[in-house]
Every structure is written in C-alpha cells, then in structure tokens.
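Reviewing the structure listed below.
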Amino acid sequence: MNESRNLPALRETADVVVLGAGPAGLLLGNLLVAAGIDCVVLERATRSHVQTRARAGFLAPNTVQVLERHGLADGLHRDGRTHGACEFRTARGSFRLDYGALGRGEQHTVYPQQHLVTDLLEHYLDAGGRIRFRTEALRVHDADGPRPYVTIREPDGRSARWDARFVAGCDGRRGAARRSLPHGTARHHHDHGVSWLGLLAEAPPSLDAVGYAVHDRGFAGHMARSPRVTRYYLQCPRGARADAWSEERIWDELDLRIGAVEHGPLHRGPIVERAVVDLTCDVVEPLRHGALLLAGDAASLTAPAAAKGANLAVLEAELLAEALADALVRGDDAALDGYSARALAHIWRAQEFTAWMTGLLHEIPARETSGGSFFHTSLRHARLDSLRTSRAHQDWFAENYVGV
Ligand code: RFL
Numbered sequence: 002m003n004e005s006r007n008l009p010a011l012r013e014t015a016d017v018v019v020l021g022a023g024p025a026g027l028l029l030g031n032l033l034v035a036a037g038i039d040c041v042v043l044e045r046a047t048r049s050h051v052q053t054r055a056r057a058g059f060l061a062p063n064t065v066q067v068l069e070r071h072g073l074a075d076g077l078h079r080d081g082r083t084h085g086a087c088e089f090r091t092a093r094g095s096f097r098l099d100y101g102a103l104g105r106g107e108q109h110t111v112y113p114q115q116h117l118v119t120d121l122l123e124h125y126l127d128a129g130g131r132i133r134f135r136t137e138a139l140r141v142h143d144a145d146g147p148r149p150y151v152t153i154r155e156p157d158g159r160s161a162r163w164d165a166r167f168v169a170g171c172d173g174r175r176g177a178a179r180r181s182l183p184h185g186t187a188r189h190h191h192d193h194g195v196s197w198l199g200l201l202a203e204a205p206p207s208l209d210a211v212g213y214a215v216h217d218r219g220f221a222g223h224m225a226r227s228p229r230v231t232r233y234y235l236q237c238p239r240g241a242r243a244d245a246w247s248e249e250r251i252w253d254e255l256d257l258r259i260g261a262v263e264h265g266p267l268h269r270g271p272i273v274e275r276a277v278v279d280l281t282c283d284v285v286e287p288l289r290h291g292a293l294l295l296a297g298d299a300a301s302l303t304a305p306a307a308a309k310g311a312n313l314a315v316l317e318a319e320l321l322a323e324a325l326a327d328a329l330v331r332g333d334d335a336a337l338d339g340y341s342a343r344a345l346a347h348i349w350r351a352q353e354f355t356a357w358m359t360g361l362l363h364e365i366p367a368r369e370t371s372g373g374s375f376f377h378t379s380l381r382h383a384r385l386d387s388l389r390t391s392r393a394h395q396d397w398f399a400e401n402y403v404g405v
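Just so you know, we're using the numbering used here here: the sequence shown kicks off at 2 and counts up by one.
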C-alpha cells in the first residue's frame, strides 16, 4: 500500500499562522504585516460571509485608538457616529445617563462589526497580506514541540498542513485552537442563566440612546446600528426557538417592555435577523501553550450584555502583535511570556462588569430559588435607584461601560 496517500497533500509555511478572520485575526494580520512578519490568515467561511456577519456595533475609545495608531480608522471616522447616552426604563420610572459626560468623559463609536471587518480585510490585502478563505483549521499540533503545525481542510476537501513558528488562535469559541489545548487547561465557564432573542430590524432607531428596559416580563434592549438599522434584544425562556415568534408579536412585546404607552411606539420594520443567545461566558487560562496563543472569543467569551467582546478582541490582538514582533523581529520573548497575564487582567475586568450588568438587567431564574424573586427584584431596583441618584455610582458606571 502506498503510504503517501495518507499524508497531507500540501505543505506550506508561515512564521505566524493566524486562525480566523474576525476582528482579532484580521487586526493581528495587519499588525504583523506592518511589522514585516511573514503570516497567513486561515478562515473557514467565505469572504462574503465574514464581510456581512452583523454582530457588534459599539466600539470603545480604546478600540478606536488602537485602530487610529495603526492607520486603520478611516472607515469608522467616515461612517461611525459617536454615542454617549443610555436610558433605563422601568415600571418605577425612567432615567437617562449621559455617560459620555461622566467618568472619564469617553464615548462609544457606533460602527457595525461587519464594516470594521471589511476595512481590516481590505487594508490587509492592500498591504500584501495572505489569506485563505473556505479553509478550515482542524487541529494545532506540536505546540510545545520544535515544529508546530496546523492541519487544515482545503476548499476542495483535501487535507493539508501549515508549518509555523507560532499559531494565533483567533477562531472563536468553537474553533480549532480551543480544540487543540492540552488536556487539563482551565476553562472557567459561567452561565448567567438567561437567554435573549437577538434581533436586527430594518427600522430607524426609536431612542437617541441605548435603551435598557427592566420589565416584569423580562429585559428588552434597543441599540442603534445605523440610521436605518436597529438591534433589539428580548429576554426569552431558555430553550425558546427564534422562529416561534411572529414579527407582530415581537414588536408588540418590544413596545410593551420598552414602554410605548408612556414614551410612544417604536419605529417598526422587517426583522432581518433573529437568533436566540444564551448569556454564558468563559475564560481560558492561560492563553499561551508553547507556540499556540489565543485572542478574542477563542480566549474568552463574554455575554453581549455589556458589549465587550469585539473590544477585547482588538485589545488582545494588539498586545499579541507587539509580543510576536518582539519575539520574531527583536528576539525578545518577555512580552510573549507576559501576554497571557496582561490579557487576562482586561478579560476579568470585562467579565466582572458584564456580570454586574447582567444582574442589573434581568430576573435571573437560578437566583429565585435561593433568595426569592421579590428579594432579588428589590435589589435590582435599589441598584437602579443608586445609579439614578449617585454621581459616584454614575462615574463608576460610565468608566466601566465604555472601557476595556
Ligand atoms: P469572530 O468574530 O467570531 O471570528 C472568528 C473567525 O474564525 C472563523 N473560524 C475558523 N476559521 C478557520 N478554521 C476554523 N476551525 C474556524 N473556526 C472558526 C470564523 O468563521 C470567524 O470568521 O471572533 P473574534 O475575532 O474573536 O471577535 C469576537 C467578536 O466577533 C465578538 O466578541 C463580538 O461580536 C461580541 N459582540 C459584541 N461585542 C462588542 O464589543 N460590542 C457589541 O455591541 C457586541 N454585540 C456581540 C454583539 C456578539 C453577538 N453574538 C454573536 C451573540 C451582538 C451579538 C448578537
């Protein structure tokens, strides 16, 4: 029998193989190319899929600064809009926080994630960066050995491998990087116990602020994405099916929770995307295993309650690019050795604030059994009252809300 038939058909090489073309992988690719480092990005999906996947929209000031530092902010300066207010609506009253004028006086920039990904991709290709779409990483091998490599499936189904000095796992929570972690790696998982029906509506925003409705029937959220598109969230039972709700029922429920009677009805339009999201989170620790380094959702998943995921991905990609440049260009491994601890410090701060926001916005079923729902609901309203009346609490909120 011819043994070569079992060997991968193709074998290619890059100093850094980056898995995943989301915000983390594409920013990292750009920064590596700018530093003169030989790299390739391997992406399972098609180019059009990654450029149209609507997810995040609220970019933190740190994210904007990172992109500005590296000449990658033209698109968001052209089309993004600054945003600095949120409004809490409850049966006991509503209040608005102009967080852009509180804390450190910082605002978000609203710029849809798919536009950011498109900008990063175009810039990367213009700079001569290599990328392979429809190429699925299967596993990272020998991360602790002298010759790390990644096995992949090519678009035509053939298997192949990429040899690398380093592999950057930026391929999300279900990617090959996580699958390749050594046995016993800590994965700290937490389930916040609530689920959202996440919706994208072709309808103009109805509030000039992020809207957080804390209602007896459950949470509802309103976030502008562009003058014509708005993201909404509706807390729903765990296990609910996204297609079980008619459009009319969705809008009626949003009107009810966000307070159409007191504040006027929402601008309605077709729901163009819907998905149930369970609010869970996790952190991998450490983020480095020899030649394999994790960034973005592959490193840590944050529930979308505080809009931290894409911002952490950008922060970590810059840290990782600097560390890899030190190691590969200057022969200095110190930043690489410290990468995991530095990134994890930011990740845990973001997890902490996300958990706080989640507790503020929801009736959390798991807690009802231990404390009673009246007790928990009253605590939430006391927290909201403190946020409404205490300037110190508002400053703390603003700093954490826009920060990573
Ligand atoms: P991504 O964007 O998921 O990209 C990973 C890429 O890896 C590819 N991939 C593979 N490629 C090759 N081989 C494999 N085996 C592969 N497996 C996967 C995937 O196809 C994909 O292209 O991860 P990255 O770069 O770490 O970026 C993370 C962010 O996308 C994520 O944290 C945010 O979208 C989270 N998030 C939000 N974050 C914010 O900062 N602000 C927000 O307002 C915000 N809103 C949201 C969100 C996430 C949401 N979802 C997904 C629940 C709203 C929603 C609805």
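Heads up, the beta-carbon is just placed ideally off N, CA and C, and yes, glycines get one too.
- For GLY339, no beta strand (DSSP E) encloses it; the enclosing alpha helix (DSSP H) starts and ends at 335–362.
- Separation of the CB atoms of ALA22 and CYS40 is rounded to 12 angstroms, and the pair is thereby denied contact status at 8 angstroms.
- For LEU316 against VAL67, the beta-carbon gap comes to about 7 angstroms, under 8 angstroms, which counts as contact.
- Cβ atoms of ALA243 and ARG269 stay farther apart than 8 angstroms, at about 18 angstroms.
- Looking at the DSSP output, ARG93 sits in no beta bridge, so it has no partner there.
- For the options HIS124, TYR402, LEU27 and THR53, the alpha carbon positioned closest to that of GLU319 is the one of LEU27.
- Of all alpha-carbon atoms in GLN114, GLN115 and LEU98, the one lying nearest the alpha-carbon of GLU107 is that of LEU98.
- By the Cβ test, the stretch 181–194 is in contact with the stretch 281–292, since at least three Cβ pairs between them sit closer than 8 angstroms.
- Counting other Cβ atoms within 10 Å of its Cβ, HIS109 reaches 16 or more and is therefore classed as buried.
- By a beta-carbon distance limit of 8 angstroms, VAL230 does not contact GLU248. Their separation comes to about 16 angstroms.
- Boundaries of the alpha helix (DSSP H) around LEU29: 24–35.
- A Cβ-Cβ separation of about 5 angstroms places GLY104 in contact with ASP396 under the 8 angstroms criterion.
- In this chain, the beta strand (DSSP E) harbouring TRP197 covers 187–202.
- If you compare the alpha carbons of GLU13, GLY85, ASP75 and GLY360 with that of VAL151, the shortest gap goes to GLU13.
- GLY85 has its Cβ no nearer than 8 angstroms to any heavy atom of the ligand RFL.
- Looking only at GLU323, ALA308, GLN352 and PHE354, the smallest Cα-Cα distance to TYR340 is reached by GLU323.
- Annotation: PHE134 to ILE153 spans about 12 angstroms, alpha carbon to alpha carbon.
- If you ignore the 5 residues before and after LEU288, its C-beta comes within less than 7 angstroms of the C-beta of LEU294, LEU295, ALA300, TYR340, SER341, ALA344 and LEU345, all in its own chain and listed in chain order.
- Excluding residues up to 5 positions away in sequence, CYS171, ALA296, GLY297, ALA314, GLU317 and ALA318 lie with their Cβ nearer than 7 angstroms to the Cβ of ALA25 in the same chain.
- Exposed is the label assigned to SER374, since fewer than 16 other Cβ atoms lie within 10 Å of its Cβ.
- Between ASN31 and LEU73 a beta carbon distance of about 6 angstroms is seen, short of the 8 angstroms cut, so the two are scored as contacting.
- The C-beta separation of VAL18 from TRP252 comes to about 46 angstroms, leaving the pair out of contact by the 8 angstroms criterion.
- With a 10 Å radius around the Cβ and a threshold of 16 neighbouring Cβ atoms, ASP334 comes out exposed.
- Annotation for MET224: VAL211 and ARG232 place their beta carbon closer than 6 angstroms to its own, counting only its chain and skipping 5 residues before and after.
- The closest heavy atom of the ligand RFL lies less than 8 angstroms from the beta carbon of GLY176.
- Of the residues THR378, MET358, PRO156 and PRO271, the one whose Cα lies closest to the Cα of ALA306 is MET358.
- When the Cα atoms are used, TRP246 and GLY240 turn out to be separated by approximately 13 angstroms.
- Under the 10 Å beta carbon count, HIS84 is surrounded by 16 or more other beta carbons and is classified as buried.
- DSSP, reduced to helix, strand and coil, places SER301 within a strand of the structure shown.
- Rounded to whole angstroms, the Cβ separation of ALA221 and ILE259 is 5 angstroms, and the two are in contact under 8 angstroms.
- Here DSSP, grouped into helix, strand and coil, assigns ILE251 to helix.
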